[in-house]
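What follows is a set of notes on a single structure, which appears directly below.
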Amino acid sequence: VCSSDFVAEQWWGYLWGRDVVTNFRDLKLLSIQFRILASLCNLAQQSIDNDTSVFLTNKLVTLEAMSFSSFRVQIDSLKAISTAQTSDKFRRTQLFIYEIFRANQLLVVPETNWQLAFTTAADNYVVATVPRNSFGNNYSCITSLDSFSRPLYIDGNYNTTVLPGVVASCLPIDGIRLSTLECFFDSKCILNLTSIASRRTTTIWIAKPLNASVP
1378 VCSSDFVAEQ WWGYLWGRDV VTNFRDLKLL SIQFRILASL CNLAQQSIDN
1428 DTSVFLTNKL VTLEAMSFSS FRVQIDSLKA ISTAQTSDKF RRTQLFIYEI
1478 FRANQLLVVP ETNWQLAFTT AADNYVVATV PRNSFGNNYS CITSLDSFSR
1528 PLYIDGNYNT TVLPGVVASC LPIDGIRLST LECFFDSKCI LNLTSIASRR
1578 TTTIWIAKPL NASVP
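For the sequence shown, the residue numbers in our numbering are 1378 to 1592.
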């Protein structure tokens, strides 16, 4: 997916449209999620490049000469450790960001985790934040930010269209992480989405479907 049209600026710019932002509907949320996907692809490549550079600076020092097979075993072991550490560091960073949003009640732009609540004169016009609880009867974004999702709907001419394999969560990064993106392997599903998106003021951009044979 990181080499597809769906991480191109033209794609998520097309989904966002040029209309004045008055309400972040799911079409704009989908744009945000693809923008995050593009950023994650860039960060992943940077992490791999940085860790590869660090790995190549390491030296293997032994007291005696090694056979090629023993040398290969040592190198494979070091590569496996380096790969695992890279993944662990990313997960720790991601968890740290989650906890910052949760503990500080930070409101993301499309208000998927918290929503603004405007009070009256009786409450001194205080603007409060209320956690979203639309992901389940016993679930609220105040308790956890990940692992819960809802279908992502695209509003077109007051009709509701569900995109297969695309979901929303408390944070947009979790929405794209929990999505299987089935719609974007299907050219008909993509055309259905673009026919709705093109009814707004936007620059037309038709993305090519994902290739299921490419890992």
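We treat Cβ as the ideally placed atom computed from N, Cα and C, and that holds for glycine.
In three-state DSSP terms, what is residue i?
i: Trp1491; result: strand
i: Pro1586; result: coil
i: Ala1505; result: strand
i: Ala1499; result: helix
i: Ser1556; result: coil
i: Cys1518; result: coil
i: Arg1412; result: helix
i: Ala1385; result: coil
i: Gly1394; result: coil
i: Leu1420; result: helix
i: Phe1401; result: Only weak support exists for where Phe1401 lies, its pLDDT of 48 falling under 50; the coordinates are left without a value.
i: Leu1483; result: coil
i: Val1378; result: coil
Per DSSP, residue i forms a beta bridge with which residues?
i: Val1544; result: Pro1528
i: Thr1429; result: Partner(s): none; Thr1429 has no beta bridge.
Going along the chain, which residues of its own chain have a beta-carbon closer than 6 Å to the beta-carbon of residue i, five neighbours each way excluded?
i: Phe1401; result: Confidence in Phe1401 is poor, its pLDDT being 48 and thus under 50, which makes the residue's placement too unreliable to answer from.
i: Glu1559; result: Pro1541, Gly1542
i: Trp1491; result: Leu1484, Thr1506, Pro1508
i: Thr1537; result: Tyr1530
i: Cys1566; result: Cys1560
For the alpha helix (DSSP H) that contains residue i, what are its first and last residues?
i: Ser1446; result: 1445 to 1480
i: Cys1566; result: 1564 to 1574
i: Ile1581; result: From DSSP, Ile1581 is part of no alpha helix (DSSP H); its letter is neither H nor E.
i: Glu1441; result: Careful: Glu1441 lies outside any alpha helix (DSSP H) and carries neither H nor E.
Any beta carbon from chain B within less than 8 Å of residue i's own beta carbon?
i: Tyr1391; result: Absent from the structure is chain B; it holds one protein chain and no more.
Going by beta carbon distance, what residues of the same chain come within less than 8 Å of residue i, once the five residues before and after it are set aside?
i: Leu1587; result: Val1378, Ser1381, Phe1383, Leu1558, Phe1561, Phe1562
i: Arg1395; result: Arg1577, Thr1578, Thr1579, Thr1580
i: Cys1418; result: Val1378, Cys1379, Val1384
Residues in its own chain within less than 7 Å of residue i by CB, not counting five upstream and five downstream?
i: Leu1493; result: Val1504, Thr1506
i: Asp1428; result: Ser1459, Thr1463
i: Ser1424; result: Thr1463, Phe1467
i: Tyr1535; result: In this prediction, Tyr1535 has a pLDDT of 49, which is less than 50 and means its spatial position is unreliable; what the coordinates show is noted afterwards. For Tyr1535, where only same-chain residues beyond five positions count, there are no Cβ hits under 7 Å.
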